[in-house]
Amino acid sequence: MLTMRALLRITGTALVFLLAALALPAALGTPTVMAAFDDLHAPRTDGAAPLPAPVAHDPAKPTAVVVVGEQGAVASDTLAPYEVLATTGAFNVYTVAAAGRPVPLTGGLDLVPDLTFADLDRLLGGAADVVVVPALPDVGESTTKPVTDWLNRQAAGGSLLLGVCNGSAVLASAGLLDGRAAATHWLRVDGVEDRYPAVDWARGTRYVDGGDIISTAGILSGIDGTLRVVERLVGPEAAVRAAAAIGWRHYRRDTAASMAQARFGPADTVVGLNTAFRWDRPTTGVLLTDGVGEIELASVFDTYGQSLAVRALAVGVEPVRSRHGLTFVPRAAPVTGDLDRLVVPGAEAADRYAVNWCLRHHSGHSLGRVVRPGHPRRCAHSGHRRRRRFPNQESAPFAVQRLVRRLLDHS
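So the sequence shown is residues 14 to 424, counted in the working numbering.
Printed below as a string of structure tokens:
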């Protein structure tokens with residue numbers, strides 16, 4: 014019969030082995046996880062700093078700006094509000110930053126800001142009418158001080174502030190939400206409650222309209238918050254048209270739609286395992302083309318970036334201008350031998366590239382797999398029509414896709 018001392022010794026030995034068994038995977042997986050997160054907003058290394066396109070300004074229109082930080086910003090938080098506002102035609106819409114160099118959006122999409130803070134001051138001679146604040150990767154750190162100081166000046170000048178997703182934490186770090194109710198991303202809300210206890214953090218709503226500050230829940234809720242801005246400053250009819258233009262079916266006049274409060278659960282741990290122990294993440298090239306929609310770009314870079322299942326690489330031959338005039342800079346040439354997959358955002362660009370793919374494919378010079386998710390393409394060859402389906406987006410396993418949908422606050 015085991016004595017109590019022997020039982021404790023056996024139990025202790027078993028616990029040591031158990032902890033060792035758990036510590037080894039954690040030690041091996043943690044660097045991979047950290048590297049995957051670092052990749053999301055990794056700065057470009059070539060020092061390229063092309064000039065943005067010249068901006069047009071109509072003094073009769075209100076001016077709306079989307080601010081980005083020195084370390085970058087979340088792609089959807091930045092580009093979706095920009096496209097909604099630009100679609101109305103009722104605003105001068107610009108991206109602004111402390112400096113004029115390219116900043117990385119999620120997944121390595123390099124945006125050249127339209128204006129610096131100093132440029133905007135010279136252009137307007139005062140505060141912007143609307144300031145959109147996306148989530149910044151370095152929120153709460155000293156590197157965001159130029160942004161938070163500038164936000165305080167804009168607020169003092171009467172700007173309507175819109176905090177999108179964890180952009181609300183940026184506003185909180187500037188002291189602009191003290192004593193107010195505010196929304197933020199469901200995955201961040203517990204942390205920001207601890208860090209910014211003077212704010213009444215709301216749950217279960219797409220946005221909180223606090224008058225001079227509107228704050229939204231995660232990522233896609235920024236579209237609802239931006240439509241609220243359009244509704245207030247331009248009118249509900251303009252908001253309806255803008256929602257239709259981008260294919261957004263969730264707009265509700267005068268009210269913020271409720272939403273289920275998501276939580277990170279045990280079933281989501283597979284996402285961490287997928288990230289921690291996949292050292293061979295495939296590289297997906299994303300072809301940048303002139304005229305591409307801003308939301309089309311965000312839908313690719315944020316989806317791939319949030320999944321952490323692949324490494325996205327912006328490819329092209331030169332800087333491009335998006336549908337409403339933003340300047341983006343590729344990081345590499347579209348050499349398909351270096352890519353596992355090539356994604357072409359935008360229906361028109363994908364169609365053009367698919368024709369090129371078909372021609373090269375049938376002449377024996379394949380450009381690899383080209384993706385326009387869910388759409389079949391026909392290739393003409395030797396007088397007959399040959400049907401070839403380009404495969405769907407190869408993201409992560411189902412559990413990863415499910416979490417990504419929730420991270421994006423997808424309805």
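Glycine is no exception: its CB is placed at the ideal position from the N, C-alpha and C atoms.
First and last residue of the uninterrupted beta strand (DSSP E) at D123: Against the sequence shown, residue 123 aligns to sequence position 110. Residues L122 to V125.
Can you look up I259 in the DSSP assignment and give me helix, strand or coil? Numbered from 1 along the sequence shown, position 246 holds the residue referred to as residue 259. Correct three-state label for I259: helix.
In chain order, what residues of the same chain lie with their CB nearer than 8 Å to the CB of L137, ignoring the 5 residues before and after it? Reading the sequence shown from its first residue, position 124 is the one you call residue 137. Around L137: T76.
Cα-Cα separation, T316 to H337: In the sequence shown, residue 316 corresponds to position 303, counting from 1. In the sequence shown, residue 337 corresponds to position 324, counting from 1. About 22 Å.
Do V313 and D356 count as a contact pair if the criterion is CB distance below 9 Å? Counted from its first residue, the sequence shown places residue 356 at position 343. Counted from its first residue, the sequence shown places residue 313 at position 300. A small correction: the amino acid at residue 356 is Val; Asp does not occupy that position in the sequence shown. Result yes, Cβ atoms of V356 and V313 sit closer than 9 Å.
Between which two residues does the beta strand (DSSP E) harbouring I226 extend? Residue numbering aside, residue 226 sits at position 213 when the sequence shown is read from its first letter. Segment I226 to T229, the beta strand (DSSP E) holding I226.
Out of curiosity, what's the CA-to-CA distance linking L133 and D293? If you number the sequence shown from 1, residue 133 lands on position 120. If you number the sequence shown from 1, residue 293 lands on position 280. Between L133 and D293, the C-alpha separation is close to 44 Å.
Using the three-state DSSP reduction, which class does I236 fall into: helix, strand or coil? Taking the sequence shown and counting its residues from 1, one reaches residue 236 at position 223. Reduced to three states, the DSSP call for I236 is helix.
Alpha carbons only, please: which of K74, V68, Q84 and A93 is nearest the one belonging to E309? Looking up residue 309 in the sequence shown gives position 296. The shortest Cα separation from E309 among K74, V68, Q84 and A93 belongs to A93.
If I measure Cβ to Cβ from V352 and keep anything under 8 Å in the same chain, skipping five residues before and after, which residues do I get? Walking along the sequence shown from the start, residue 352 turns up at place 339. It is Leu, not Val, that sits at residue 352 in the sequence shown. The answer, listed in chain order, is T296, T297, G298, L326, V328 and G381.
Rounded to whole angstroms, how far is the Cβ of Y220 from the Cβ of A269, which I believe are closer than 8 Å? Stepping through the sequence shown from its first residue, residue 220 is reached at position 207. Stepping through the sequence shown from its first residue, residue 269 is reached at position 256. That pair is a contact at about 5 Å.
Identity of the residue in P159, I226 and D207 nearest S181 by Cα: To locate residue 181, count along the sequence shown from 1; it is residue 168. Answer by Cα proximity: I226.
Please confirm whether L301 and L124 have their CB atoms less than 9 Å apart. Translated into positions along the sequence shown, residue 301 becomes position 288. Translated into positions along the sequence shown, residue 124 becomes position 111. Their beta carbons are not under 9 Å apart, which means L301 does not touch L124 by this criterion.
When you compare only the Cα positions, how much space is there between A322 and G120? The sequence position of residue 322 within the sequence shown is 309, counting from 1. The sequence position of residue 120 within the sequence shown is 107, counting from 1. Whole-angstrom Cα-Cα distance: 11 Å.
Assign V106 to buried or exposed, taking buried as 16 or more other Cβ atoms, counted over all protein chains shown, within 10 Å of its Cβ. As a first step, residue 106 is located in the sequence shown; it is residue number 93 there, counting from the start. So V106 ends up on the buried side.
The segment 173-193 in contact with the segment 86-102 per 3-pair CB rule at 8 Å: yes
Could you check if S89 is buried or exposed, using at least 16 other CB atoms within 10 Å of its CB as the buried criterion? Here residue 89 is taken as the residue at index 76 of the sequence shown, counted from 1. Classification of S89: buried, given that the 10 Å Cβ count is 16 or more.
Per-residue DSSP class, three states only, for A34: Position 21 of the sequence shown, counting from 1, holds the residue named residue 34. At A34 the pLDDT is 46, less than 50, meaning the model places this residue with poor confidence; the figure from the coordinates comes in the next sentence. Helix.
Closest by C-alpha distance to M272, when choosing among T197, S335, G224 and G318: As a working mapping, residue 272 is identified with position 259 in the sequence shown. Measuring from the Cα of M272, the nearest candidate turns out to be T197.
Same chain, Cβ closer than 7 Å to P126, five either side skipped, listed in chain order: In the sequence shown, the residue the question calls residue 126 occupies position 113. Answer for P126: P65, V81, T108, V109, A110, G113 and V116, listed in chain order.
For L174, write down the residues that DSSP places opposite it in a beta bridge. By one-based count along the sequence shown, residue 174 stands at place 161. L174 pairs with V144 and I226.
Figure out for me which residue from A230, T161 and E206 has the closest Cα to the Cα of W199. As a working note, residue 199 is residue 186 in the sequence shown. Closest by alpha carbon: A230.
Three-state secondary structure assigned by DSSP to L427: Not covered by the structure: residue 427. The range shown for the chain is 14 to 424.
Going along the chain, which residues of its own chain have a beta-carbon closer than 6 Å to the beta-carbon of H374, five neighbours each way excluded? Position 361 of the sequence shown holds residue 374. Since pLDDT at H374 reaches only 48, below the 50 mark, its modelled position is unreliable, and no value is offered.
I want to know whether the segment 68-75 touches the segment 150-162 - three or more CB-CB distances under 8 Å. no
Give the DSSP bridge partners of P249, in chain order. On the sequence shown, residue 249 is found 236 positions in, with the first residue counted as 1. Partner(s): none; P249 has no beta bridge.
Once you ignore the five residues that flank D191 on each side, which residues in its own chain have a CB closer than 6 Å to its CB? Taking the first residue of the sequence shown as position 1, residue 191 is located at position 178. Correct list, in chain order: A211.
Since A311 is in the alpha helix (DSSP H), which residue starts that stretch and which ends it? Working through the sequence shown from its first residue, we reach residue 311 at position 298. Taken as a continuous stretch (DSSP letters only), the alpha helix (DSSP H) holding A311 covers E307 to S320.
When P150, V145 and A140 are compared against A169, the one with the closest alpha-carbon: The residue labelled residue 169 in the question sits at position 156 within the sequence shown. Comparing Cα positions, the closest option is A140.
What does the Cβ neighbour count give for V78, buried or exposed, with the cut at 16 atoms within 10 Å? Taking the first residue of the sequence shown as 1, we reach residue 78 at position 65. V78 is buried by the Cβ-count criterion.
Does DSSP put A196 in a helix, in a strand, or in coil? Reading the sequence shown from its first residue, position 183 is the one you call residue 196. Of the three classes helix, strand and coil, the one that applies to A196 here is coil, per DSSP.
Quick check on DSSP: helix, strand or coil for Y95? Here residue 95 corresponds to residue number 82 of the sequence shown, with the count starting at 1. In this structure, Y95 counts as helix in the three-state DSSP scheme.
Quick check on F341: does DSSP put it in helix, strand or coil? Here residue 341 is taken as the residue at index 328 of the sequence shown, counted from 1. Reduced to three states, the DSSP call for F341 is strand.
Rounded separation between Y264 and V144 - CA only: Counted from its first residue, the sequence shown places residue 264 at position 251. Counted from its first residue, the sequence shown places residue 144 at position 131. The alpha-carbon atoms of Y264 and V144 are separated by roughly 21 Å.
For N105, the first and last residue of its enclosing beta strand (DSSP E): Reading the sequence shown from its first residue, position 92 is the one you call residue 105. Element bounds for N105: N105 to A110.
Near T100, which residues of its chain fall below 6 Å by C-beta distance, leaving aside the five closest residues on each side in sequence? On the sequence shown, residue 100 is found 87 positions in, with the first residue counted as 1. Hits under 6 Å: A255 and A258.
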